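Heads up, the thing below is written out as C-alpha cells.
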Amino acid sequence: MSLLDVRGLTAGYGAVPVVRDVGLSVERGELVALLGANGAGKTTTLLAISGLVGLQAGEITLDGRPVTALTPARRARAGIQHVPEDRSLFPSLTVDETIRLACRTRRAPGWVLDLFPALERLGGRRVAALSGGEQQMLALARALCRDPSLLVVDEMSLGLAPLVVNAFFPVLRRVAAERGCGVLIVEQHVHVALRWVDRVHVMAGGTVAASGTVEEMRPRIDELAGAYLGPSAYPTEGDKP
Amino acid sequence: MTSSLGPEQVLAFVALGLGYGALIAGLATGLVVTYRSSGVINVAAGATAALVAYVYSELRTTGVPFALVIGLVVAAVLGALQYLLVYRPLAKAGPLAKLVASSGVLLTAQAVIVLRWGADPVAAPAILPQETVDLLGVSIPQDRLLLAGLVIVATALLWALYRHTRFGIATRATADSAKGSVLLGLSTGRLEVANWVIASVLGGLFGMLAAPTTQLQPTTFTLLVVPVLTAALLGGFSSFGVTVATAFGLGVVNSLIALLQGQSWFPQVEGTPLPGVTELVPFLVLAVTLYLRGRALPDRLTAVAPPMPRAPRPRRAGPAMAVGAVVAVAALAGLPFDWRQALVNSMLGAVLCLSVVVTTGFVGQISFAQMAVAGAAGYVMATVGGDLGLPFPLPPLAGIAAAVLTSLLFSVPARRVRGLQLAVLTLAGGVAAQRFWFGNPQWGSGLRPANVAPITVFGMEISPSRSFWGTEPPSQGFGLVVLAALLGCVFLVAWLRRSDLGARMLAVRSSEAAAAATGVNVGAVKTLAFAIGGLLAGVAGVLYGYTFTGVSADRFGPLTSIAFFGVAVLGGVGTVGGALVGGLLVAQGLLFHAVTTWFGIPPDYQPLFAGLAVVLTVIGSPDGVAVSVADAARSLRVRRLALGES
Ligand SMILES: Nc1ncnc2c1ncn2[C@@H]1O[C@H](COP(=O)(O)OP(=O)(O)O)[C@@H](O)[C@H]1O
Ligand SMILES: [Mg+2]
Numbered sequence: 001m002s003l004l005d006v007r008g009l010t011a012g013y014g015a016v017p018v019v020r021d022v023g024l025s026v027e028r029g030e031l032v033a034l035l036g037a038n039g040a041g042k043t044t045t046l047l048a049i050s051g052l053v054g055l056q057a058g059e060i061t062l063d064g065r066p067v068t069a070l071t072p073a074r075r076a077r078a079g080i081q082h083v084p085e086d087r088s089l090f091p092s093l094t095v096d097e098t099i100r101l102a103c104r105t106r107r108a109p110g111w112v113l114d115l116f117p118a119l120e121r122l123g124g125r126r127v128a129a130l131s132g133g134e135q136q137m138l139a140l141a142r143a144l145c146r147d148p149s150l151l152v153v154d155e156m157s158l159g160l161a162p163l164v165v166n167a168f169f170p171v172l173r174r175v176a177a178e179r180g181c182g183v184l185i186v187e188q189h190v191h192v193a194l195r196w197v198d199r200v201h202v203m204a205g206g207t208v209a210a211s212g213t214v215e216e217m218r219p220r221i222d223e224l225a226g227a228y229l230g231p232s233a234y235p236t237e238g239d240k241p
Numbered sequence: 001m002t003s004s005l006g007p008e009q010v011l012a013f014v015a016l017g018l019g020y021g022a023l024i025a026g027l028a029t030g031l032v033v034t035y036r037s038s039g040v041i042n043v044a045a046g047a048t049a050a051l052v053a054y055v056y057s058e059l060r061t062t063g064v065p066f067a068l069v070i071g072l073v074v075a076a077v078l079g080a081l082q083y084l085l086v087y088r089p090l091a092k093a094g095p096l097a098k099l100v101a102s103s104g105v106l107l108t109a110q111a112v113i114v115l116r117w118g119a120d121p122v123a124a125p126a127i128l129p130q131e132t133v134d135l136l137g138v139s140i141p142q143d144r145l146l147l148a149g150l151v152i153v154a155t156a157l158l159w160a161l162y163r164h165t166r167f168g169i170a171t172r173a174t175a176d177s178a179k180g181s182v183l184l185g186l187s188t189g190r191l192e193v194a195n196w197v198i199a200s201v202l203g204g205l206f207g208m209l210a211a212p213t214t215q216l217q218p219t220t221f222t223l224l225v226v227p228v229l230t231a232a233l234l235g236g237f238s239s240f241g242v243t244v245a246t247a248f249g250l251g252v253v254n255s256l257i258a259l260l261q262g263q264s265w266f267p268q269v270e271g272t273p274l275p276g277v278t279e280l281v282p283f284l285v286l287a288v289t290l291y292l293r294g295r296a297l298p299d300r301l302t303a304v305a306p307p308m309p310r311a312p313r314p315r316r317a318g319p320a321m322a323v324g325a326v327v328a329v330a331a332l333a334g335l336p337f338d339w340r341q342a343l344v345n346s347m348l349g350a351v352l353c354l355s356v357v358v359t360t361g362f363v364g365q366i367s368f369a370q371m372a373v374a375g376a377a378g379y380v381m382a383t384v385g386g387d388l389g390l391p392f393p394l395p396p397l398a399g400i401a402a403a404v405l406t407s408l409l410f411s412v413p414a415r416r417v418r419g420l421q422l423a424v425l426t427l428a429g430g431v432a433a434q435r436f437w438f439g440n441p442q443w444g445s446g447l448r449p450a451n452v453a454p455i456t457v458f459g460m461e462i463s464p465s466r467s468f469w470g471t472e473p474p475s476q477g478f479g480l481v482v483l484a485a486l487l488g489c490v491f492l493v494a495w496l497r498r499s500d501l502g503a504r505m506l507a508v509r510s511s512e513a514a515a516a517a518t519g520v521n522v523g524a525v526k527t528l529a530f531a532i533g534g535l536l537a538g539v540a541g542v543l544y545g546y547t548f549t550g551v552s553a554d555r556f557g558p559l560t561s562i563a564f565f566g567v568a569v570l571g572g573v574g575t576v577g578g579a580l581v582g583g584l585l586v587a588q589g590l591l592f593h594a595v596t597t598w599f600g601i602p603p604d605y606q607p608l609f610a611g612l613a614v615v616l617t618v619i620g621s622p623d624g625v626a627v628s629v630a631d632a633a634r635s636l637r638v639r640r641l642a643l644g645e646s
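Those sequence lines, one after another, are chains U and X.
Under full-length UniProt numbering, the first sequence is numbered contiguously, ending at residue 241.
Under full-length UniProt numbering, the second sequence is numbered contiguously, ending at residue 646.
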C-alpha cells in the first residue's frame, strides 16, 4: 500500500476538467518529481491532492484511507502539507510567530532546526522582509513543523538562484530518509530533479504520460523532453552537473 | 438655560464624555476585530449592541447579574449567527456585497427592536455604581470613569490576545493569507466565529454598561455606528490604540459641545441651542482626516475590488419604455386610490434607485447620503417656493440644482477617498445633513414639516389632492407628472450607459488605475457621476415634496438612505431594470401594498422583511434580482434553442 495513491483523478476550475484520469503514487520515504511543460496540469493536480481544487472524479488515498471527502484543512491535519506555488506565507507575522502557529510550541522541533539552522537567526524578522530563498525555507519549515506524512511542494525553485535550490534538495532527501515522509515536488529543471529524486511522473496535456524510476527515465530524457517537457526542460549552463 | 464655564465644568463634562467615549470605543474595537478577521465593515454593530441592551433592560426585573449574563449570551449568539448565516456564505464576495449585507442586518435588528420595544426610549437599570467621586473638587459620576477604565482594560486584553496568543497569531495569519492558514490545517471558520463572538460580546457588554448613561432608543443607538466607524476608520481598522483614543476624543468633544450649548452666547434657535453640532463634528473630523490622509490608508479599505455587480448594456430599451409607459398610464387611470398611491411611491423609489445605479452601479462609489441629497432638493424647493414665494418652475429647479451641488460636495472627498471609506463618510454626512440642516429650525424645519406649494402651470394646479383629473389623492394628473419624470430619468440613465461617458464610468469602476492609464480623467468622470446621481436624487426629492405636500427631516435620514441603498442593490444596482425592480420593492410601494392587503401582514413588519430581503438577496444573487431574472430567462431561451436543434 502506497503512502499516497491517486487514481483516475479528474479536476478543474469550472465544469470543464483541466486534468483527466491522473494516476500517480508516492511511497513512504520516497522523493517523487512531477514533471511537465507549462500548463500541463501539475499545479492543478497538487491542488486537487490538498483539496483546494474540487474533484470531479477519481480517488485519493493517504495511507490507504480515502481523503476525497475531507476539507483542505482536514487533509492538512491528516498529514498532507502543501507548499503552494505562491508559498502563501503570512507577510505581517514574524518568523517566530509563523513557526509557533505551525508547531504549537514556541520553538521549532530540534530536527527542523537541524535542517534549517538559519531559522534561529531570523527569529524576530517579519516575513515580508525575508529574501526569496529565506521565504522558501520558511515555507518548507512551516510545513515540516506539522510533521507531515506527505509533503507536496510546487515549483520549489521558482525565482531562486540555482545555488539556493541545490541546498534544498538534500534537505528534502533527509526529510524523506529520516522522517519516512513521502515528498512530491513539481520541478521545472528536469536535470536537477533527476539528480535527486527516486521516481518521476511526467504530465502532458492534463494527464500522466509517463512514469518510472530515475534509472528507467534517464535514458529516455531527451525523447521525453522533446515530446512533453518543452524548451524549459533543457539544461541551462547553471544546471549542468 | 445657561451654566458657567469654569475649569470645574470642563472637567466634569470631560468625565461625562468619557462614558460616551467608552461606548464608542467598545463598539469600535469590535469593528476592528471583525474587519480584520472577515473583511466586513459591520455597520450593524450599533444596532446589535442595542438589541443586547434591550434584552438586558427587558430582564431587569430578574436582577442585574442574571440579565447581564443573558445579555452576554445573546450577544455571543448574535455574533456567531451573523457570521454563520451571513458572512460565511459571503466569504468570497466583494466588500460591497458584505457592506450591503451588513446594512441588511442593521435594518433587520432595527426592525426587531421597533417591533418588540417600540421607538420610544426605554430605561435600563444601572450596572455600575451610581455614586459620585470627588476629583479636584468636582463631583463626577463614578460609572463614567469605571466605563472608561473597563474599555481601556478590555482593549489592552484584546491587544495582548492578538499579539501573543496562538489564537491571535492565527487570526492575523488568516487575514494575511486564508489559503496559507487552510493549508496549515487551521479551521478558519472556527477562528472567524470566535472573532465575531468576541466583537459582539464586546459591543453588547458596553451597550449594556452604557445604556443607563445614554438613551436606550433604537435610532440613537443604531446611529452610534457613525462615531464608531469614524474611530475605527481613523485607526485604519487595525490599530486598537488609535481607535480607542479617537473614540474617547469624540466622546469628550461631544460632551464639551453639550457644555458650550449651555452657554448664553451659543447660537440659539427658537429658544434652544443650535442643534446638530454634535453630528456635524464626526463628519468634519472624518472628512478632513480622510481627505488629508487620502491614499495612505490600507488598500483593502480603498479598493472596491471586483466582484462588483455586473452592468450589462440595456437591450431593447425604447420598446420596453413605451410598453411601460402605456401600462403605467392605464394603471393610473384604472387603479383605486390606494394602489395608485403605491404605484406613485414605487415610481418615486425607482427614480432614487436610478441615482444609486449611476453613482454605485456605474462608477462604483458607495454613497449612503442619497436621501440627504434628495432632502437638499426638497428643502431648497420648500424655501424657494415658500419663504421666497417664487413661482413654478423655479422652486423645483432650484431644488434639483441644490441636490446636484450637495452631491458635488460629496464628490470632493470622493476624488481622494474611495470604496468603503466613502461609504462611511457619506453615512456621517447623511446624519449631519439631517440633524444640522433639515431638522434644524434655523435652516430646515425643525421637527415640523415644511410646506411645499403644489405645481401650478397656466393657473392650473397639479397636486396629489386637487387636479385636472380626479380629486381623490393621489390624482391621476399628478401620477402622470411622476411617470413623466421617471421616464425622463430612465431615458437619461439608459442613454448614459450606452454613451462614451458610461463606458468611461465602468472603466473607473473596474479599476481606477487602469482607467487612468488609458487616458480616462478619473476625477472628472467621478464628479460627473456624482452630478448626474445628484440630479436624479434631486428629482426624487422634489417629487417627494410634492407627493407629501411638504418635507420633513425624518424622511431624509441616513437609515432611509441605507434602506434605499439596500433596495437598489436588491433590484440590481447595475441596470435600469434593476432600479425599476427596486422601485417595486420600496416601503409603501407596489409589492409592499400587495403583501399587506392580500396577505394581511401588518405594515409594521415591512422594515423587518426589507432587512431580511436585503441580506438574503446579497447572499443569493449578488447581481441583484433584475440581472438574475434576465439571466434565468436567457438560459431558458438557450436551453430551448438547444432542445429545438436536437
Ligand atoms: N484558476 C484557474 N482557472 C481556470 N483555469 C486555470 C486556473 N489555473 C490554471 N488553469 C488552467 O489549467 C491548466 C493547467 O494549469 P496548471 O495546473 O497551473 O499547469 P502547470 O502547473 O503544469 O503549469 C492551464 O491551461 C491553465 O490555463
Ligand atoms: Mg504550476
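In this text, a Cβ means the ideal position worked out from N, Cα and C, and glycines have one as well.
Quick caveat, the model's predicted, so the values are computed rather than measured.
Beta-bridge analysis with DSSP links methionine 203 of chain U to U/Gly36, U/Val208.
The C-beta separation of phenylalanine 167 of chain X from leucine 158 of chain X comes to about 11 Å, leaving the pair out of contact by the 8 Å criterion. The C-beta separation of valine 404 of chain X from alanine 531 of chain X comes to about 5 Å, placing the pair in contact by the 8 Å criterion. With a threshold of 7 Å between beta carbons, leucine 191 of chain X makes no contact with chain U. X/Val225 is the residue among X/Pro218, X/Ser264, X/Val225 whose C-alpha sits nearest the C-alpha of glycine 203 of chain X. Interface with chain U (7 Å Cβ-Cβ cutoff): glycine 241 of chain X is excluded.
Residue nearest to leucine 62 of chain U within the set U/Leu3, U/Ser157, U/Leu144, U/Ala139 is U/Leu3 (criterion: CA-CA distance). Rounded to whole angstroms, proline 275 of chain X and glutamate 192 of chain X show a C-alpha spacing of 41 Å. Relative to ligand 1, the nearest heavy atom lies less than 6 Å away from the CB of lysine 42 of chain U.
Annotation for valine 22 of chain U indicates a beta carbon at 6 Å or more from all heavy atoms of ligand 1.
Here phenylalanine 337 of chain X is exposed. Its C-beta has fewer than 16 other C-beta atoms within 10 Å.
The three-state reading of DSSP puts proline 267 of chain X in coil, since its state is none of H, G, I, E or B.
With 16 or more other CB atoms across the displayed protein chains lying within 10 angstroms of its CB, asparagine 195 of chain X is buried. For the region 73 to 97 of chain X, the set of residues with a beta-carbon nearer than 7 Å to any beta-carbon of chain U is empty. Around arginine 142 of chain U, the beta-carbon contacts reaching into chain X at under 8 Å are Leu184. Here DSSP, grouped into helix, strand and coil, assigns glutamate 155 of chain U to coil. When DSSP assignments are scanned along the region 5 to 91 of chain X, the uninterrupted stretches of alpha helix (DSSP H) that are 4 or more residues long and fall wholly within it turn out to be 7 to 38, 45 to 58, 64 to 81. Residue side-chain check: asparagine 195 of chain X keeps its Cβ at 6 Å or more from all non-hydrogen atoms of ligand 1.
Contacts between glycine 180 of chain X and chain U, judged by CB atoms closer than 7 Å, involve Ser88, Leu89, Phe90 in chain order.
Chain-ordered, the chain U residues with CB closer than 8 Å to the CB of arginine 166 of chain X read Arg100, Leu101, Arg104. Annotation for glycine 8 of chain U: no alpha helix (DSSP H) segment contains it, though the beta strand (DSSP E) segment containing it runs 4 to 11. Within the same chain, Cβ atoms closer than 6 Å to the Cβ of leucine 146 of chain X are found at Leu128, the five residues on either side in sequence being excluded. Annotation: methionine 208 of chain X to alanine 53 of chain X spans about 5 Å, alpha carbon to alpha carbon.
For valine 16 of chain U, the Cβ stays outside the 6 Å cut-off from all heavy atoms of ligand 1. Among the bridge pairs identified by DSSP, methionine 460 of chain X is matched with X/Val457.
Around the beta carbon of threonine 213 of chain U, fewer than 16 other beta carbons lie within 10 angstroms, which makes this residue exposed. Runs of alpha helix (DSSP H) with 4 or more residues, each lying fully within the region 173 to 250 of chain X, are found at 178 to 184, 188 to 210, 218 to 223, 225 to 234, listed in chain order.
In the DSSP secondary-structure assignment, histidine 82 of chain U is bridged to U/Val152. The beta carbons of threonine 246 of chain X and alanine 231 of chain X sit about 4 Å from each other, so the pair counts as a contact at 8 Å.
Isoleucine 366 of chain X sits in coil when the DSSP states are folded into three classes, being neither helix nor strand. For glycine 574 of chain X, the distance from the CB to the nearest heavy atom of ligand 1 is not below 6 Å.
A Cβ-Cβ separation of about 6 Å places arginine 28 of chain U in contact with glycine 182 of chain U under the 8 Å criterion. With distances taken between CA atoms, alanine 69 of chain U lies nearest to U/Leu55 out of U/Gly79, U/Ile80, U/Leu55, U/Arg77.
Residues Pro449 of the same chain have their beta carbon placed closer than 6 Å to that of serine 552 of chain X, with the five preceding and five following residues left out of the count. Under DSSP, glutamate 59 of chain U shares a beta bridge with U/Arg7. CA-CA distance, serine 187 of chain X to phenylalanine 90 of chain U, rounds to 16 Å.
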